[in-house]
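Remember, our numbering sits 4 above the position in the sequence shown when you count from 1.
No residue lacks a Cβ here, since even glycine has one placed at the ideal position from N, Cα and C.
Values in this document were obtained by computation on a predicted structure and should not be read as measured data.
One structure below.
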Amino acid sequence: MKSLFSSHIEQKKLGLKPAIHQELKRTILKLPEMDTLGVKWSKKNYPNGYTSYGSLSNLDQQFSVFSELKRLLDREASKFVKAIGIEFPRGDLVLSSLWANVMPKHCYHAFHLHPNSIVSGTYYVSVPKGTSPLRIEDPRAPLFMACPARSIQKDLIAKEGEIILFESWMKHEVPPHSSSDLRVSVSFNYDWIQS
Ligand SMILES: [Fe+2]
């Protein structure tokens, strides 16, 4: 039996130094105090939680503590595309956005994808016990048609300090967070910049 057109997901420890990880967490938890626009945006688009996606979406350029994170993510994103056989005839894979997410209890992020990017993913900063997973949908789901019912979702639970990487066309969601402790993460997109 052969397996063709497989989907690829990378989940691994990133290796960020513990002191930087902690500084990152402290910085993220302070963001809502200074990011009025982001708090306003989150009220509309990120029920009950805070994300800097609509306001501070290049945190690597705005806060130096994110630069080491970017360095390690660049390395992993590059390894990921090579491993799955994506080649760029010109230009390169470039980090286009990097933003923070803080989820209190009941906060969720419904199914979506990142249409302008090549690789997307998340670095997990704080993962309380019992937190909601990253839920991935089988990209073939709309094509099953007359096929008997089968599972089309897989749940991934990351540990603190890990990343999950996937191709940006992969539909994903975070179901409602059920812990009283905050779920904190940094998400990012890598685009093909055809210079
Ligand atoms: Fe996403």
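For Ser82, the secondary structure class from DSSP, reduced to helix, strand or coil, is helix. In this structure, DSSP gives Leu117 a state outside helix and strand, which the three-state scheme calls coil. Only residues of its own chain outside the window of five on either side were considered, and among them none has a CB closer than 6 Å to the CB of Ser155.
Straight-line spacing of the CA atoms in Lys44 and Ser191 works out to 19 Å. Residue pairing by DSSP places Ser10 opposite no residue, since no beta bridge is assigned to it. Secondary structure of Ile167 (DSSP, three-state): strand. A direct Cα-to-Cα measurement between Glu37 and Met149 gives close to 49 Å. Taking every protein chain shown into account, the CB of Ala162 has 16 or more other CB atoms within 10 angstroms, so this residue is buried.
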